[in-house]
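Okay, so here's the structure we're looking at.
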Amino acid sequence: MLRAPDPADHVIGLACWQGRPALMTRAHRHHDIEINYAVDGALDYLIGGRRVVAGPGEMVAFWAAIPHQLVGAAPDACVRWLTVPLHIVLGWRMPPATVRRLLQGDVLTATAEDRRDADIALFGQWAADLSSGDEELRHVALLEIEARLRRLSTATPAGRRGTPAPGGGSSVEHAAQMADFIAGSFRDPLTADRIAATVPMHPHYAMAVFKQVMGTTLGAYLTQCRIAEAQRLLITTGMPVADVAAAAGFGSQSRFYARFTQACATPPGEYRKLHRGLYRAQGLD
């Protein structure tokens, strides 16, 4: 079984592993499609500020460039994880609607009790094949992963983005409400006062609560959301890079270049070259 990759990596890469989930001390992002399968116990995620709960036997797939965090898990939870680099998924020529949904932040999810044993076996086989060093087994695993993701997309209603965290007094709920507001308003100029008013809390206290729960600052989370949008625009449109920066909410081109390159380990233009051609090859424009 492969080791759990370092979540700080820009790209985790093609990997499959299993284990008991540990709650994440911070929201993070990487540039793969992530597929999680809850074997036992429920999992509680914040994905793009939205709450997604996966029960036993439920599979969840999303674009991990969107900030996400596991904030709750049942004591008996056991999970299978799978990550596939975005360029591989784009090369599969998936149905255009599925690709658009993933890049727009939809969460693909479905429960199939009649497939439980088969899915558990598949994840185990993929982990063994991907760690074997055998290129033919790797190829077979990728074919099976593609087929399973296609089947998952047909079982998920369009527009499934998760739901806003319910209002309440807990720190997690307050942080989730702020994260949800940021995810929906990141294109606008935002201040700590404006974000805190959605809870409502004093700005200094709101910032402390957000940092405690999300493991990152309001400003850093806002930047993560803007970078994810810039990635989407670079892949899906022919907009000039300067226009992408503005559309994603960056007021300064130099700041955009610096933040994007730091977060994605490549400049915006190079990122577009890597992914845009694969996207267009599917006839998605």
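Take the position in the sequence shown, starting the count at 1, then add 8; the result is the number in the working numbering. Glycine residues also receive a C-beta, built at the ideal position from the N, C-alpha and C atoms. Predicted model, so just to flag it, every value in this text is computed and none were measured.
Quiz item: When the Cα of D201 is compared with those of M32, V207, P211 and R195, which residue comes out closest?
Solution: P211
Quiz prompt | DSSP-derived helix/strand/coil call for V79 | solution = strand
Quiz item: Between which two residues does the alpha helix (DSSP H) containing P276 stretch?
Solution: Start and end: P276 to A289.
Quiz prompt | Spatial distance of S193 from G141 (CA atoms) | solution = About 45 angstroms.
Practice problem: Provide the residue span of the alpha helix (DSSP H) that contains M102, from first to last. | Solution: Looking at the DSSP string, M102 is not in any alpha helix (DSSP H), and its letter there is neither H nor E.
Self-check item: Proximity below 7 angstroms, CB of T117 to CB of V61
Solution: In this structure, V61 does not lie closer than 7 angstroms to T117 by Cβ.
Quiz item: Is the distance from the Cβ of T119 to the Cβ of G65 below 7 angstroms?
Solution: Yes. Within cutoff.
Quiz item: Taking the C-alpha atoms as reference points, what is the distance between A149 and A126?
Solution: 14 angstroms
Quiz prompt | Sequence-distant residues of its chain with Cβ nearer than 7 angstroms to M222 (five each side left out) | solution = R34, A35, Q77, A183, A187 and Y229
Self-check item: According to DSSP, residues forming a beta bridge with C233
Solution: Partner(s): none; C233 has no beta bridge.
Quiz prompt | Own chain residues within Cβ distance below 8 angstroms of Q189, not counting five before or after | solution = Before going further, note that residue 189 is Phe rather than Gln in the sequence given. Counting only Cβ-Cβ distances below 8 angstroms, and skipping sequence neighbours, we find G57, I203 and T206.
Quiz item: Along the chain, which unbroken stretches of the beta strand (DSSP E) at least 3 residues long are found entirely within the segment 84 to 171?
Solution: 86 to 93 and 116 to 119
Practice problem: State the DSSP-derived secondary structure class of G27, mapped to helix, strand or coil. | Solution: strand
Practice problem: Could you tell me the boundaries of the alpha helix (DSSP H) in which D201 lies? | Solution: A200 to A204
Quiz item: Since Q261 and A253 are thought to touch, with beta carbons under 8 angstroms apart, how far apart are those beta carbons, to the nearest angstrom?
Solution: 5 angstroms
Quiz item: CA-CA distance, Q290 and F264?
Solution: 28 angstroms
Quiz item: Which residues does DSSP pair with Y45 in a beta bridge?
Solution: M67 and R88
Exercise. Note down the Cα distance separating L110 from P103, rounded to an integer number of angstroms.
Key: L110 and P103 have their C-alpha atoms some 11 angstroms from each other.
Quiz item: Using CA coordinates, which residue listed in F70, L54 and M215 is at the minimum distance from T106?
Solution: F70
Practice problem: Return the CA-CA distance between R267 and D122, expressed in angstroms with no decimal places. | Solution: 45 angstroms
Exercise. With distances taken Cα to Cα, identify the nearest neighbour of D84 among G99, I243, Y213 and A30.
Key: A30
Self-check item: C-beta atoms of A73 and R37 nearer than 7 angstroms
Solution: Yes, the pair counts as a contact, with Cβ atoms nearer than the cut-off.
Quiz prompt | Cα-Cα separation, Y279 to L241 | solution = Cα atoms of Y279 and L241: separation of roughly 11 angstroms, rounded to the nearest angstrom.
Practice problem: For E237, count neighbouring C-beta atoms within 10 Å of its own C-beta (all shown protein chains included) and say buried if the count is 16 or more, exposed if not. | Solution: buried
Quiz prompt | Range of the contiguous alpha helix (DSSP H) that encloses A62 | solution = It is not in any alpha helix (DSSP H) - A62 instead sits in the beta strand (DSSP E) that spans R58 to A62.
Self-check item: K281 burial status per 10 Å Cβ neighbour count (16 or more: buried)
Solution: exposed
Practice problem: Determine which residues share a DSSP beta bridge with I55 and list them. | Solution: R58 and H76
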